[in-house]
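Number of protein chains: 2
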Amino acid sequence: MTRPFYAIVPAGGSGTRLWPLSRSRRPKFLLPLPGPRTMIQETLHRLSPVCSDTNMFVITGVAHATSIARQLPALEEDQIVIEPMARGTGPAIGLGVALAERRDPDAIVGSFAADHYVERPDAFVDTVRAAIEVAEQDYLVTIGIQPTFAETGYGYICAGDELGCYYNITSSRVEEFKEKPDLATAERYVASGQYLWNASMFVWKASFFMHEMRRLLPDVATALTTIVDDWDTPRREQTLAEIWPTIEDVTIDHGILERSNHVAVVPGSFGWSDLGDWHGVGKIIQNGNANGSENVVIDTHLLATDARNLVIFGNGRPIAVVGLDDIVVVDTDDALLVCNRSHAQQVKSIVDLLKQRGSTELI
Amino acid sequence: MTRPFYAIVPAGGSGTRLWPLSRSRRPKFLLPLPGPRTMIQETLHRLSPVCSDTNMFVITGVAHATSIARQLPALEEDQIVIEPMARGTGPAIGLGVALAERRDPDAIVGSFAADHYVERPDAFVDTVRAAIEVAEQDYLVTIGIQPTFAETGYGYICAGDELGCYYNITSSRVEEFKEKPDLATAERYVASGQYLWNASMFVWKASFFMHEMRRLLPDVATALTTIVDDWDTPRREQTLAEIWPTIEDVTIDHGILERSNHVAVVPGSFGWSDLGDWHGVGKIIQNGNANGSENVVIDTHLLATDARNLVIFGNGRPIAVVGLDDIVVVDTDDALLVCNRSHAQQVKSIVDLLKQRGSTELI
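These protein sequence lines are chains A and B, in that order. Position 184 (the first sequence) corresponds to 184 in the numbering used here; numbering is contiguous. Add 1000 to the 1-based position in the second sequence for the numbering used here, that's all there is to it.
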C-alpha cells in the first residue's frame, strides 16, 4: 500500500503535576523532558520514519502557538493549526483529519499527543505501521498500551476478537472502552491480559473517519467541512471565528470511538509514559542511566550526603541534599519545590493552593 | 559597688553548619538569627542594661571588621579592635582587658561571644550581675550553662565549693575544666548535677586578670602592655604589626583559666544556645512561636501539603514542600540546601565537599 500518512499532534494540557517547571504558559510538551529535545520536538522526531515533515499538523490553542512555531521551525505556518477556543478532542482532531483529507483523499491519519514519552522509538514505529495496516481495512484504530501495573488514572480498552497480525503485533476488535477504574478493578483488568491503557493514540483513513463522523456527529462534520472549504481562501479566519464557537464540545472517545462498531486496537509495548508526575520523570531518566539507581541531576551540581534516589531539576546554582532519600527538588527562577517522590501526585494540590491565593503568575 | 563594667565581644568563627546562609565572608554573628537583629547586634543589645555603649569592645579579624562597623553604628571606630591575625582567645580577650584597664584601672570586664542566642535576656543580665559580685572578690569568673541534655560538643565545668549567692544564683569555685566528653561521660556529668557547659563567658576585674596573666603568660602580658602603651599614639598600627605576630597562640582556657586557682563559676539558666546547626535554629524559633510545633518560615511564602515541622529560610520566592516532615530548606542567591533535621550536623560535610571542589565562592 502507498497511501500517504499524515500525523496530527494535539498540543494542550497544563501539566500541573510537573509544577514549578510546567506552568499554564509553559506546559509539559514545551519542556525538555527528559531532554535534550522538548516533548513536542521529540514527538515529531519519533514520527519522522513514518511521516514526512510536510504531512504533520500540530493542533493547539492560542496560548502556545507561538512557542510551538519557534520550537518546530521545520513546519510551515499552515501546519500549526490554532483553535480559537478549546472544543474537546473531537473537533480538534476532526479538523486535522478534515484538512488531511482535503489535501489528499486517500490519506491515512494518525493522532499522537505532544507530551508522551516513548522509550523505544523503533517499536513505536512498528506499532504505527501495524495500525496503518489495520486502518486500511476501514477500522478506527487505537494504539493501546500494554499495562505494566494497575494504574487507576487511565481509561482502559478491552480487546475482543483478533483481527490480523502485522509487524509481529496482533490486532483485535475493541470489545469495550472502560472509564478510569478503581484499584481492584484495575488489578483485575491487568491480571486478565485482555485490557490495554487508552493513551489516545489513533490511526484511521481520513475518508472512513469523516464517514463515521457524518453518521455519529453530523453537526460537527458539517461545521468542519464548512471550515475546511474556506481554509485556503481569505475567509479562513472569519469562518473559523464564526463556526468554531458553535461546535459541540465533545471528546473523540465519547463522540465517535465508543459509538462506532468499526473500532480496533493494536497493542503497543514501546516503553510508553505520559510523564504524569516528577516521580515518573525521575524513573524514566533513571532507566536511561547506566546505573538505574543513581540520582537524576539536571542543570545543577548536586552535593549529596547520606542522600539517594534523588530527582533534581536545577536552575544553574548548586543544590545540597543532606540525609534525605527519594525526594524531588525542582528549582526555577520564581518558585522552588521539595517533594517526597511517593507524594508526587500531590504537587497538583500546590497549584490549587496558588490558585486560591490568586498567585496567577506562578501557575 | 560602682566599678565600671566593660564588655568584650570576640567575633569570629565560620559557622559552616549554617551553610548556605552562613559563609566564611558572612559568618553566623552577622546574620539575623533568629532575627530581627543580627546575632552581634543582639549580643550588644542584651548587654546594654549592664554596660554602656561606650564601654563595649568588639574584637575581630580583618575579614569582618567593616561589616561589623556597619552593623554597629553606635560604636566608635576605636571600639572595634582588629587583630592583624588570629592568635587564639588568650591574646584577643587579653587585649580587650588591657585596653579596658588602661582606660579605667578599676574596670570589671566581661567577655561574651558574638554568636550565641539567649532566650531570657533578663535572666542573663542577673547572671552577669551575680558574676560581677563574685569577680569583685578577685576570682576569674566563668558563666557556666546548666546543661539540658548530654551534649558531647561542648567542654564542661565541674563546680566545687560554694562561694556566695547573689541575685538568687549560687556561685562556686571551679573544681576542674573538662574537655568535650564522650556520650557516656556527658550523661554522667549531666546526671551528677555538678557539671555545667563551658560557653566561654567570663567576668573578672581587669587588674586581677592582668595580674594572673603576668604570672601565667608573662610574655603575652608583656606584649599586650607594649601594644596598649602605644595604642593612642601614632605608633599603634606599627607596634601592633610588629608585636602581634610574635605573641603565643593560646586559648584563654588553656593559658589561664585551667592554671589559675582563683577561678569561680556562676551557673546560668537563660535559654542559651549557640545555634550550632539548622535544627537548633529551628527549635529556637519554634519555641518562640505561640504553637511550638508549627513550621518556621522566614522570608518566603510556604506552600505545604502533607508536610510538618519544617524550617524554611527563603529568599523571597515561594517554596512548596510536599509529603516531607522535619526538613530544613535554605534558599540563597547562589546555593540551595535541603536537609533532614536529624542530619543537620552533616551540613558541615557539604562545605567540605565544596572545599574539595575548590568552589571557594560558595564557602
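Ideal placement from N, C-alpha and C gives every residue a C-beta, glycine not left out.
Should residue i be flagged as near chain A, meaning a C-beta pair shorter than 8 Å?
i: N1340 (chain B); result: yes
i: S1349 (chain B); result: yes
i: G1288 (chain B); result: no
i: D1334 (chain B); result: yes
i: H1064 (chain B); result: no
i: H1343 (chain B); result: yes
i: L1216 (chain B); result: no
i: L1353 (chain B); result: yes
i: L1018 (chain B); result: no
Within a Cβ cutoff of 8 Å, which residues of the same chain sit near residue i, ignoring the five residues on either side of it in sequence?
i: P1084 (chain B); result: V1062, L1240, A1241, W1244 and P1245
At the level of alpha carbons, what is the spacing between residue i and residue j?
i: V1329 (chain B); j: D1299 (chain B); result: 12 Å
i: A123 (chain A); j: L1021 (chain B); result: 50 Å
i: T1148 (chain B); j: V1190 (chain B); result: 8 Å
i: P107 (chain A); j: V228 (chain A); result: Correcting the residue type first, residue 107 (chain A) is Ala in the shown sequence and not Pro. When rounded, the distance between both Cα atoms is 15 Å.
i: A1100 (chain B); j: Q1071 (chain B); result: 22 Å
i: V174 (chain A); j: L257 (chain A); result: 9 Å
i: D1274 (chain B); j: A1007 (chain B); result: 19 Å
i: F1005 (chain B); j: S1111 (chain B); result: 11 Å
i: R341 (chain A); j: V347 (chain A); result: 10 Å
i: T152 (chain A); j: P234 (chain A); result: 47 Å
i: I366 (chain A); j: I132 (chain A); result: Outside the displayed span of chain A (1 to 363) sits residue 366 (chain A), for which this structure offers no information.
i: V1311 (chain B); j: N1055 (chain B); result: 37 Å
i: G316 (chain A); j: V203 (chain A); result: 42 Å
i: N1295 (chain B); j: I1350 (chain B); result: 24 Å
i: G314 (chain A); j: N1289 (chain B); result: 33 Å
i: L1075 (chain B); j: R1003 (chain B); result: 21 Å
i: I93 (chain A); j: M213 (chain A); result: 11 Å
i: K205 (chain A); j: A98 (chain A); result: 11 Å
i: E248 (chain A); j: R87 (chain A); result: 7 Å
i: W272 (chain A); j: C51 (chain A); result: 20 Å
i: H1064 (chain B); j: A335 (chain A); result: 32 Å
Give me the DSSP bridge partner(s) of residue i.
i: D331 (chain A); result: A:L336
i: W1204 (chain B); result: B:V1109
i: K178 (chain A); result: A:Y156
i: N1261 (chain B); result: N1261 (chain B) is not bridged to any residue.
i: V1266 (chain B); result: B:I1143
i: L1303 (chain B); result: B:A1320
i: Y1117 (chain B); result: B:S1273
i: T60 (chain A); result: A:A11 and A:I82
i: Y1366 (chain B); result: Nothing in the structure corresponds to residue 1366 (chain B), since chain B is present only between 1001 and 1363.
i: L216 (chain A); result: DSSP output for L216 (chain A) lists no bridge partner at all.
i: N295 (chain A); result: Answer is none; N295 (chain A) lacks a bridge partner.
Hey, does residue i have any beta-carbon neighbour from chain B nearer than 8 Å?
i: I327 (chain A); result: yes
i: D277 (chain A); result: no
i: L324 (chain A); result: yes
i: D53 (chain A); result: no
i: L21 (chain A); result: no
i: L362 (chain A); result: yes
i: T182 (chain A); result: Sequence inspection shows Asp at residue 182 (chain A); the Thr mentioned does not correspond to that position. Cβ-Cβ to chain B under 8 Å: no for D182 (chain A).
i: D331 (chain A); result: yes
i: L337 (chain A); result: yes
Under 7 Å: does the beta carbon of residue i sit that close to some heavy atom of the ligand ATP?
i: W1231 (chain B); result: Here there are no bound small molecules, and the ligand ATP is not part of this structure.
Hey, is residue i's beta-carbon within less than 8 Å of any beta-carbon in chain E?
i: Q346 (chain A); result: Checking the listed chains, one finds no chain E in this structure; the protein chains it contains are A and B.
Leaving out five residues on either side along the sequence, give the residues of the same chain with a beta carbon under 6 Å from the beta carbon of residue i.
i: T89 (chain A); result: T251 and I252
i: M1201 (chain B); result: F1112 and I1143
i: D1126 (chain B); result: Y1167
i: F208 (chain A); result: D138
To which residues of the same chain is residue i closer than 7 Å at the C-beta, ignoring the five residues directly before and after it?
i: K1028 (chain B); result: G1013, G1015, L1018, S1022, M1039, D1115 and L1275
i: Y156 (chain A); result: K178, P181, Y189, Y195, L196, W197 and N198
i: P365 (chain A); result: What is shown of chain A runs 1 to 363, which leaves residue 365 (chain A) out entirely.
i: S1172 (chain B); result: A1159, G1160, D1161, E1162, L1163, A1264 and V1265
i: Q1079 (chain B); result: M1056, F1057 and V1058
i: Y1154 (chain B); result: K1180, W1197 and N1198
Looking at chain A, which residues of the stretch 1131 to 1157 of chain B have a Cβ within less than 7 Å of any of its Cβ atoms?
none
By the 7 Å beta-carbon criterion, what residues does the stretch 1295 to 1322 of chain B contribute toward chain A? Residues of the stretch 1295 to 1322 of chain B with a Cβ closer than 7 Å to any Cβ of chain A, in chain order: L1303, T1305, D1306, R1317, P1318, I1319, A1320, V1321 and V1322.
Practice problem: With 7 Å as the limit, tell me which residues of the stretch 191 to 219 of chain A have their beta carbon closer than that to any beta carbon of chain B; keep them in chain order. | Solution: none
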